[in-house]
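Asker: Structure below; questions to follow.
Protein chains in written order, with the numbering used here: chain A, 7 to 202; chain B, 14 to 671.
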């Protein structure tokens, strides 16, 4: 009895895990990240959205502008991630639901570890792409960017020549952030309850 | 000595006092905080669009109100070298007429399309006075998309006034002339017998705005000046002012001003339309152009039509759809108030302003209360139709518009003023001088069933000392009044192009949110579109050379072209590949006996060029498009006729090598 109780989850953890899992399905359809660009010539701003499986927003216009500095044009087909990401996110969502059903601490922690690993890899991957686009500038481009680097920020604001670039989570990203926060809270809650 | 000084001083004082008696100039007429009320801060929008006639420029100008800033000149009836309108192969058909290509027009009056008597902001109709035509401008793109010529007419002045739901646009002829199917080679002195008036009813397709002449009325030979539709209770009627009921054909200045009263012609257009539909008219053989611009192909076509249905009013008098109302002294404007019950005739030589009552008119028709007839058409008794007269309103009334509080505003050319009066009580409420000699005036929505009010603009005929002088020809002038209070307040002078006749003012919200920003290149069905740089090419067919060219920041593809020869006819089919707002590219080639073309994002335009010498001829983008705009250029190599230079072309890596 005692052992079973120690390895099973608190009801609160199970409910919130299920909700988190359900919420994560929304990230399959919502934009996860966005980069906002503003310049004197673009008072209304330009936006690029990154979804689980595609790019959105004014990618063509941004590509048109990037040719001045020799940045590679951004094409959906260049990203293998778009083929994999929806499955990984779906798996994470299912994992959340299973956590509630399986009702075992080890399963819950496994889910957490999986989630953390996912976020870290995704962040690294995003950084890798930004670095790639920002550092492989065509040396024959009309405008030579000082230092030949034009890397948009991973998160936050950065001034790039006449453009202000603001990189922040979009709605899907906020869902992931909320799931992460809830998860962290639940981990603390479980540990605390176990110690008691 | 002292006495002499004193006398001198008092004489000076008396003179000063006298001179201060002289009426004050316009400077003192301006309201204290006028500057603040017309100031639209940088980055802010004006409250109202004013579509203003460009007069003898043939174009339409667009202003922001209250700032009076000019936003754009829309090419309509005249060639526009700035955009290539009337110069590009696609737009040349827009200016075709039964007289051939006419590169100029005289644009007077405007009407914004209406739904339920209110401006809906879909289309703007414009008349052409010289070679009778009516144009339709699409207000999502601000481009002229259709022009129809009016047969059997000359001097399309009484136009393009429209019905409450844009069912019809009318066109009443200023000059009566022999009809097109009659022998026109007659003595001018046969005016009274051989000449006829024509009023055209142009039907407007409610879906796409397309115009066609549904029927024409053939009337006695008088001059038609202006018109307005009935609304509300007078729905289904149209009122046309006439002058020269004397039927003069020479020295009209004197000979057309003899009669004490001319007429307002009231037409039951719904009945007339039924008669036309019932086959009561006859088909008259004529020739008139119908020019339509297709946004999908970015090209206009011109079709010559030959038939028009004519209802001869004198043969249909028993049908009871046409009546004359006597109106003092050569009426100019005929304007219907927002309720539709009252209409005002402005006799331009009259000393009073008659206001007619629609319900009284209907009663007079029912009672056959006629004072006689004019060429068979019944003339109703003046007093039987009259609601009342505004006494001593001013001199030379021309036009009347209305606010939403039962007031009317009439322009007076001779006494140079705007007079506000109450439509029901006929009392004069206020008068303000204009500088100088106002013709038309416009209140925001002032000829609709629901005026917006607030602003009134007087479109002046004489400018004199209003602006810095610019030689013998001076700026045309408009004056903005605030009419929100009891007294009208002069706020601003602003110069205009051409001669501003009429204008239509509409709240900006009804226009600005419907604006098209780009043309989708995927929907570009132009015969010579080039959708990518890979598809650019140069094709020779005899001495005709078609160059499929693209523009995108900041290069032209191809920008090196060889193999053009003297004697060739070269067509540059230029597609702007941009898909972003406010990114037109221009295209011009040295020495071309033509204009430039301005190509909007997603659009294709064609510029014709006949080389005049062999050698290297440059071309470039004329509209500063980017930081590297000055680099956006290219060369054509022109070889002598009969030389064997092969066609080669390309940009960058693909440019021809030696």
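In this text, a Cβ means the ideal position worked out from N, Cα and C, and glycines have one as well.
#1: Along the beta strand (DSSP E) that carries residue 553 (chain B), what are the first and last residues, could you check?
#2: Establish whether the CB of residue 593 (chain B) and some CB of chain A are separated by less than 8 angstroms.
#3: Measure from the C-beta of residue 170 (chain B) to each C-beta in chain A and report whether the shortest distance is under 8 angstroms.
#4: Less than 8 angstroms between CB atoms is the rule here; does residue 46 (chain A) satisfy it with respect to chain B?
#5: Taking C-beta pairs closer than 9 angstroms, name the residues in chain B that residue 66 (chain A) reaches, listed in chain order.
#6: Cβ closer than 8 angstroms: which chain A residues qualify as neighbours of residue 641 (chain B)?
#7: Could you confirm whether any beta carbon from chain B is found closer than 8 angstroms to the beta carbon of residue 62 (chain A)?
#8: On the DSSP letters alone, give me the boundaries of the alpha helix (DSSP H) that residue 10 (chain B) sits inside.
#9: So, do the region 274 to 283 of chain B and the region 327 to 346 of chain B have three or more beta carbon pairs nearer to each other than 8 angstroms?
#10: For chain B, find out if any of its Cβ atoms is closer than 8 angstroms to the Cβ of residue 51 (chain A); answer yes or no.
#11: Excluding five sequence neighbours on each side, which residues of the same chain lie with their C-beta closer than 8 angstroms to the C-beta of residue 480 (chain B)?
#12: Where does the unbroken alpha helix (DSSP H) through residue 105 (chain A) begin, and where does it stop?
#13: Alpha carbon to alpha carbon, how far is residue 417 (chain B) from residue 642 (chain B)?
#14: Is the beta carbon of residue 621 (chain B) closer than 8 angstroms to that of residue 612 (chain B)?
#15: Could you check if residue 150 (chain B) is buried or exposed, using at least 16 other CB atoms within 10 Å of its CB as the buried criterion?
#16: Measure from the C-beta of residue 170 (chain A) to each C-beta in chain B and report whether the shortest distance is under 8 angstroms.
#17: Please state whether DSSP places residue 73 (chain A) in a helix, a strand or coil.
#18: How many Å lie between residue 59 (chain B) and residue 83 (chain B) at the Cα?
#19: Note down, in chain order, each residue of its chain lying with its Cβ closer than 7 angstroms to the Cβ of residue 625 (chain B), except the 5 sequence neighbours on either side.
#20: May I ask whether a heavy atom of the ligand FMN can be found less than 7 angstroms away from the beta carbon of residue 649 (chain B)?
#21: Which ranges does the beta strand (DSSP E) cover as unbroken runs of at least 3 residues, wholly within the region 375 to 418 of chain B, from first to last along the chain?
#22: Within the chosen definition, does the region 47 to 59 of chain B reach the region 106 to 121 of chain B through at least 3 CB pairs nearer than 8 angstroms?
#23: What is the DSSP secondary structure of residue 163 (chain A), counted as helix, strand or coil?
#24: Find out if the Cβ-Cβ distance for the pair residue 87 (chain A), residue 131 (chain A) is shorter than 8 angstroms.
#25: Apply the 10 Å Cβ neighbour rule to residue 296 (chain B) and answer buried if 16 or more other Cβ atoms are within range, or exposed otherwise.
#26: From which residue to which residue does the alpha helix (DSSP H) around residue 118 (chain A) run?
#27: Please compile the residues from chain A whose C-beta is within a distance smaller than 7 angstroms of the C-beta of residue 566 (chain B).
#28: What are the start and end residues of the alpha helix (DSSP H) that includes residue 180 (chain A)?
#29: What's the gap between the Cα of residue 527 (chain B) and the Cα of residue 308 (chain B)?
#30: Measuring alpha carbon to alpha carbon, tell me which residue in B:353, B:352, B:348 is nearest residue 359 (chain B).
#31: Suppose the cutoff is 6 angstroms on Cβ atoms and the five residues either side in sequence are ignored; what does the same chain contact list for residue 403 (chain B) look like?
#32: At the level of alpha carbons, what is the spacing between residue 151 (chain A) and residue 31 (chain A)?
#33: For residue 592 (chain B), is the classification buried or exposed, using 16 other Cβ atoms within 10 angstroms of its Cβ as the cut-off for buried?
#34: Determine, using beta-carbon pairs with one atom in the region 379 to 398 of chain B and one in the region 418 to 426 of chain B, whether at least three such pairs fall under 8 angstroms.
#35: Run through DSSP, which three-state label would residue 152 (chain A) get?
#36: Going by C-alpha distance, which of B:571, B:282, B:187 is nearest residue 175 (chain B)?
Answerer: Put simply:
#1: Start at 1 with the first residue of the second chain, and residue 553 (chain B) comes out as number 540. Note, residue 553 (chain B): beta strand (DSSP E), 550 to 554.
#2: Here residue 593 (chain B) corresponds to residue number 580 of the second chain, with the count starting at 1. Using a Cβ-Cβ cut-off of 8 angstroms, residue 593 (chain B) counts as an interface residue toward chain A, since at least one Cβ of chain A sits closer than that to its own.
#3: Sequence index remark: in the second chain, residue 170 (chain B) carries index 157 (1-based). False, the Cβ-Cβ gap to chain A never drops below 8 angstroms.
#4: Taking the first residue of the first chain as position 1, residue 46 (chain A) is located at position 40. Closer than 8 angstroms: no.
#5: Indexing the first chain from 1 puts residue 66 (chain A) at position 60. Close to residue 66 (chain A), with beta-carbon spacing below 9 angstroms, are these residues of chain B in chain order: 592, 593.
#6: The residue labelled residue 641 (chain B) in the question sits at position 628 within the second chain. Going along chain A in sequence order, the residues near residue 641 (chain B) (Cβ under 8 angstroms) are 74, 148.
#7: In the first chain, counting from the first residue as 1, residue 62 (chain A) sits at position 56. Contacts with chain B at 8 angstroms (Cβ-Cβ) do not include residue 62 (chain A).
#8: Look at the range of chain B in this structure, 14 to 671, and you will see that residue 10 (chain B) is not part of it.
#9: A contact exists between the region 274 to 283 of chain B and the region 327 to 346 of chain B.
#10: Taking the first chain and counting its residues from 1, the one referred to as residue 51 (chain A) is at position 45. So, not an interface residue.
#11: Locating residue 480 (chain B) in the second chain gives position 467, where the first residue counts as 1. Hits under 8 angstroms: 487, 488, 490, 506, 508.
#12: On the first chain, position 99 is the one that residue 105 (chain A) refers to. Where residue 105 (chain A) is concerned, the enclosing alpha helix (DSSP H) stretches over 87 to 108.
#13: Numbered from 1 along the second chain, position 404 holds the residue referred to as residue 417 (chain B). Numbered from 1 along the second chain, position 629 holds the residue referred to as residue 642 (chain B). Approximately 51 angstroms between the Cα atoms of the pair.
#14: Translated into positions along the second chain, residue 612 (chain B) becomes position 599. Translated into positions along the second chain, residue 621 (chain B) becomes position 608. No, the pair does not count as a contact, with Cβ atoms beyond the cut-off.
#15: Reading the second chain from its first residue, position 137 is the one you call residue 150 (chain B). Counting every other CB atom within 10 Å of its CB across the protein chains shown gives residue 150 (chain B) a total of 16 or more, marking it as buried.
#16: By 1-based counting over the first chain, the position of residue 170 (chain A) is 164. Interface criterion not met: the Cβ of residue 170 (chain A) is under 8 angstroms from no Cβ in chain B.
#17: Residue numbering aside, residue 73 (chain A) sits at position 67 when the first chain is read from its first letter. Coil, per DSSP.
#18: Position 46 of the second chain, counting from 1, holds the residue named residue 59 (chain B). Position 70 of the second chain, counting from 1, holds the residue named residue 83 (chain B). For the pair residue 59 (chain B) and residue 83 (chain B), the Cα-to-Cα distance works out to about 11 angstroms.
#19: For the purposes of this step, residue 625 (chain B) is identified with residue 612 of the second chain, where counting begins at 1. Cβ contact annotation for residue 625 (chain B) (same chain, cutoff 7 angstroms, sequence separation greater than five): 604, in chain order.
#20: Absence of the ligand FMN from the depicted structure is noted, as is the absence of any ligand whatsoever, leaving it without description.
#21: Counting whole runs of 3 or more residues, the region 375 to 418 of chain B contains the beta strand (DSSP E) stretches 383 to 387, 390 to 393, 399 to 404, 410 to 415.
#22: A contact is defined here as three or more CB-CB pairs under 8 angstroms, and the region 47 to 59 of chain B fails this definition with respect to the region 106 to 121 of chain B.
#23: Along the first chain, one-based indexing puts residue 163 (chain A) at 157. The answer is strand: DSSP assigns residue 163 (chain A) an E or B state.
#24: Locating residue 87 (chain A) in the first chain gives position 81, where the first residue counts as 1. Locating residue 131 (chain A) in the first chain gives position 125, where the first residue counts as 1. Yes, these two residues count as a Cβ contact at 8 angstroms.
#25: In the second chain, the residue the question calls residue 296 (chain B) occupies position 283. Under this definition residue 296 (chain B) is an exposed residue.
#26: As a working mapping, residue 118 (chain A) is identified with position 112 in the first chain. That run of the alpha helix (DSSP H) goes 111 to 141.
#27: For the purposes of this step, residue 566 (chain B) is taken as the residue at position 553 of the second chain. Residues of chain A passing the Cβ test: 70.
#28: Within the first chain, numbered from 1, the residue matching residue 180 (chain A) stands at position 174. First-last of the alpha helix (DSSP H) with residue 180 (chain A): 177 to 201.
#29: Here residue 527 (chain B) is taken as the residue at index 514 of the second chain, counted from 1. Here residue 308 (chain B) is taken as the residue at index 295 of the second chain, counted from 1. Distance between the alpha carbons of residue 527 (chain B) and residue 308 (chain B) is about 16 angstroms.
#30: Residue numbering aside, residue 359 (chain B) sits at position 346 when the second chain is read from its first letter. Comparing Cα-Cα distances from residue 359 (chain B) to each of B:353, B:352, B:348, the minimum goes to B:348.
#31: For the purposes of this step, residue 403 (chain B) is taken as the residue at position 390 of the second chain. Cβ-Cβ distances below 6 angstroms link residue 403 (chain B) to 366, 434, 439 in the same chain, with the five nearest sequence neighbours on each side left out; the list follows chain order.
#32: Position 145 of the first chain holds residue 151 (chain A). Position 25 of the first chain holds residue 31 (chain A). Residue 151 (chain A) and residue 31 (chain A): Cα-Cα distance of roughly 41 angstroms.
#33: Position 579 of the second chain, counted from the start, is the residue given in the question as residue 592 (chain B). The residue is buried, with at least 16 neighbouring Cβ atoms inside 10 Å.
#34: By the Cβ test, the region 379 to 398 of chain B is not in contact with the region 418 to 426 of chain B, since fewer than three Cβ pairs between them sit closer than 8 angstroms.
#35: Sequence index remark: in the first chain, residue 152 (chain A) carries index 146 (1-based). Helix at residue 152 (chain A).
#36: As a working note, residue 175 (chain B) is residue 162 in the second chain. Residue B:282 holds the alpha-carbon nearest to the alpha-carbon of residue 175 (chain B) among B:571, B:282, B:187.
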